[in-house]
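Chains as they are written, first to last, in my numbering: chain A, 268 to 327; chain B, 4 to 221.
Backbone N, C-alpha and C define an ideal beta-carbon position, used for all residues, glycine too.
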């Protein structure tokens, strides 16, 4: 019973996240260091004492 | 992109990496005064800047710089503390550069001036400081002041400082939209310094200025 409730809650959280359109900007690829493309997401993911390296770039 | 195993491990288990396109996310890049690229800024979770690294560096050196910064080594505060007891013009130059890239123009000018005052006006470090000062004016779009500073360097130095000053004069003309003078200055640069490693860059600039890409109607 507890497992069913947990699964239901997880499903609801997933559905809510999908409905609000909020997606993490975390990019993960094999052989490449993981990175975010949004500072807000990086800040949200960081633990209290974890540092963030923000690399600013342009196309030119 | 970091494909080095050490970098992958570092940004998986130690610090968090975020890549920000400065033009597409101008709010964030303006907030941190990211004007030189690439610029990598070490931030606390709350967004406060610890310090930054401008330009490229080998992966190991890059990662070590941020580990050092996180331990308070090599940061602006660290260097300012050292400058209280050390008379070191290279240190002053480093401090000035840090202020420059953070947008602290007044402080940067003060420290560049200290570099020049503490040594000979025409020695190598003074040349570096004077080029950086001119660059400061150029980045602030104070083109007349930048041009004047570059001209004085070109007149007074014979070393690579003069070489840099001339090519930057061409860049300033380009930034001002004075295409004809920019082309002439790049051509003059190639003629004066045919052995320079920037000749190819100057040739590329001339080509682009003479044949600008056509603007799309869309």
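Give the interface partners of residue i over in chain B, defined as CB-CB distance under 8 Å, in chain order.
i: residue 290/A; result: By Cβ distance, chain B contributes nothing, its closest Cβ being about 15 Å from residue 290/A, past 8 Å.
Let me check one thing: in DSSP terms, what residues is residue i bridge-paired to?
i: residue 321/A; result: 21/B, 44/B
i: residue 52/B; result: 46/B
i: residue 302/A; result: 294/A
i: residue 57/B; result: 42/B
For residue i versus residue j, is the C-beta spacing smaller than 8 Å?
i: residue 103/B; j: residue 116/B; result: no
i: residue 302/A; j: residue 21/B; result: yes
i: residue 134/B; j: residue 167/B; result: yes
i: residue 130/B; j: residue 162/B; result: yes
i: residue 222/B; j: residue 39/B; result: The shown model of chain B, from 4 to 221, leaves out residue 222/B, and the question about it has no answer.
i: residue 69/B; j: residue 4/B; result: no
i: residue 48/B; j: residue 300/A; result: no
i: residue 311/A; j: residue 319/A; result: no
i: residue 321/A; j: residue 43/B; result: yes
i: residue 212/B; j: residue 186/B; result: yes
i: residue 97/B; j: residue 83/B; result: no
i: residue 108/B; j: residue 143/B; result: yes
i: residue 146/B; j: residue 118/B; result: no
i: residue 189/B; j: residue 165/B; result: no
i: residue 192/B; j: residue 183/B; result: no
i: residue 59/B; j: residue 41/B; result: yes
i: residue 90/B; j: residue 121/B; result: yes
i: residue 31/B; j: residue 293/A; result: no
Check the Cβ of residue i against every Cβ in chain A and list those closer than 8 Å, keeping chain order.
i: residue 69/B; result: 318, 320
i: residue 15/B; result: 300, 301
i: residue 50/B; result: 306, 310
i: residue 73/B; result: 318
What in chain A is Cβ-close to residue i, meaning under 9 Å?
i: residue 20/B; result: 300, 301, 302, 303, 309, 319, 320, 321, 322
i: residue 24/B; result: 304, 323, 324, 325, 326
i: residue 5/B; result: 299, 300, 302
i: residue 40/B; result: 323, 324, 325, 327
Output, in chain order, the set of chain A residues within a Cβ distance shorter than 7 Å of residue i.
i: residue 191/B; result: Within 7 Å Cβ-Cβ: nothing; residue 191/B doesn't reach chain A, min ~25 Å.
i: residue 31/B; result: 306
i: residue 98/B; result: None at all; the shortest Cβ gap to chain A is about 22 Å.
i: residue 45/B; result: 318, 320
i: residue 10/B; result: 300
i: residue 60/B; result: What residue 60/B touches in chain A: nothing, since even the nearest Cβ is about 12 Å away.
i: residue 37/B; result: 323
Rounded to whole angstroms, how far is the Cβ of residue i from the Cβ of residue j, which I believe are closer than 8 Å?
i: residue 140/B; j: residue 152/B; result: 6 Å
i: residue 9/B; j: residue 62/B; result: 6 Å
i: residue 106/B; j: residue 36/B; result: 4 Å
i: residue 125/B; j: residue 93/B; result: Contact doesn't hold; Cβ gap of about 17 Å is too wide.
i: residue 179/B; j: residue 208/B; result: Incorrect: roughly 14 Å between the Cβ atoms, too far for contact.
i: residue 298/A; j: residue 6/B; result: 6 Å
What are the start and end residues of each continuous alpha helix (DSSP H) run of 4 or more residues lying completely inside the region 148-211 of chain B, in chain order? With a minimum length of 4 residues, the continuous alpha helix (DSSP H) runs that stay inside the region 148-211 of chain B are 163-179, 182-195.
Runs of 4 residues minimum, wholly inside the region 114-147 of chain B: which ones carry the alpha helix (DSSP H) assignment? Fully enclosed alpha helix (DSSP H) runs of 4 or longer: 127-142.
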